Amino acid sequence: MTFLFAGHETTSNATSWALYLLAQHPNVQDLLRDELVKAFPDKSKFNPTFEEINSLEYLNCVIKETLRLYAPVTAMRRTNINDKMLGDIFIPKNTVIDIPIATLQRLPSIWGPTVEDFDPTRWLNPSLTENVTNYNYMPFGAGIRSCIGNKLALSEFKILLSWISS
Numbered sequence: 117m118t119f120l121f122a123g124h125e126t127t128s129n130a131t132s133w134a135l136y137l138l139a140q141h142p143n144v145q146d147l148l149r150d151e152l153v154k155a156f157p158d159k160s161k162f163n164p165t166f167e168e169i170n171s172l173e174y175l176n177c178v179i180k181e182t183l184r185l186y187a188p189v190t191a192m193r194r195t196n197i198n199d200k201m202l203g204d205i206f207i208p209k210n211t212v213i214d215i216p217i218a219t220l221q222r223l224p225s226i227w228g229p230t231v232e233d234f235d236p237t238r239w240l241n242p243s244l245t246e247n248v249t250n251y252n253y254m255p256f257g258a259g260i261r262s263c264i265g266n267k268l269a270l271s272e273f274k275i276l277l278s279w280i281s282s
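Note that this note's numbering has the sequence shown beginning at 117, numbered continuously upward.
Take a look at the structure:
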C-alpha cells in the first residue's frame, strides 16, 4: 500500500510546482511547448513511449529543476549502523542523522549564485552541474533506501506535464 499511495501525492505536488514555475516563466513555457509540439505534432495521438518521453532534453531539464527547487521530500532521516569519523567529528553508532534535502539542493556552493532561480538550462551546462552528485541532488533520496518508485514517478510527471503543456 505504501508503494501505491506514497507516490500519488508527491507526483501531483511536483506537477503543481512545475505548472506554477512555468506560469512564472513564460519563456521557459514557450521553449518546453516548442520541444513538445516538435516531438508530438498531433496531440490527439499523444501516446509516448518510455524512450520518447525520456529523450526530450528540455522537458528533462524542467523536471530536474522543478525537483531541485521543490523536492517532494524535503528531508530524510537515517541511523548510522557503525561508529564513524566524519573529518574530526566522531559519530557514534545508532546516531539519528537528519539529511536536509531542500537545503542541499539550494546551496550556493554547489549550485552557484543563481541557486534560487528557476533555470532549466543549468542542466545543459556541465560547468554548472559539475559539483552535482547523488548526495546533493536527491529528490528521491539516495542509497539503499531511495524511492523505489522514482522511475514510475518521473515517467508519470513527464507525461502529465507534457500533456498539459503541449
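We treat Cβ as the ideally placed atom computed from N, Cα and C, and that holds for glycine. Since the structure is predicted, the reported quantities are computational estimates derived from the model, not experimental observations.
In the displayed model, ILE215 falls within a strand according to three-state DSSP. Annotated three-state conformation of THR195 is strand, per DSSP. By the criterion of at least three beta-carbon pairs nearer than 8 Å, the region 161 to 173 is not in contact with the region 213 to 226. Sequence-distant Cβ neighbours of SER278 in its own chain, meaning closer than 8 Å and more than five residues away, are LEU152, PHE156, PHE162, PRO164, ILE169, LEU172 and LEU175. Around the Cβ of PHE206, a 10 Å sphere holds fewer than 16 other Cβ atoms; the residue is exposed. Contact between the region 200 to 214 and the region 222 to 237 is not established, with fewer than three Cβ pairs separated by less than 8 Å. Note on geometry: alpha-carbon atoms of ALA130 and ILE213 lie some 26 Å from one another.
In the three-state scheme derived from DSSP, where H, G and I count as helix and E and B as strand, PRO236 is classed as helix. Our two residues, MET254 and LYS180, have alpha carbons roughly 10 Å apart in a direct line. DSSP, reduced to helix, strand and coil, places LYS274 within a helical segment of the structure shown.
In this structure, SER262 sits away from ARG149, with a CB-CB distance that is not shorter than 8 Å.
When ILE215, TYR186, LEU202 and LEU185 are compared, the shortest CA-CA separation from ARG194 is found for ILE215.
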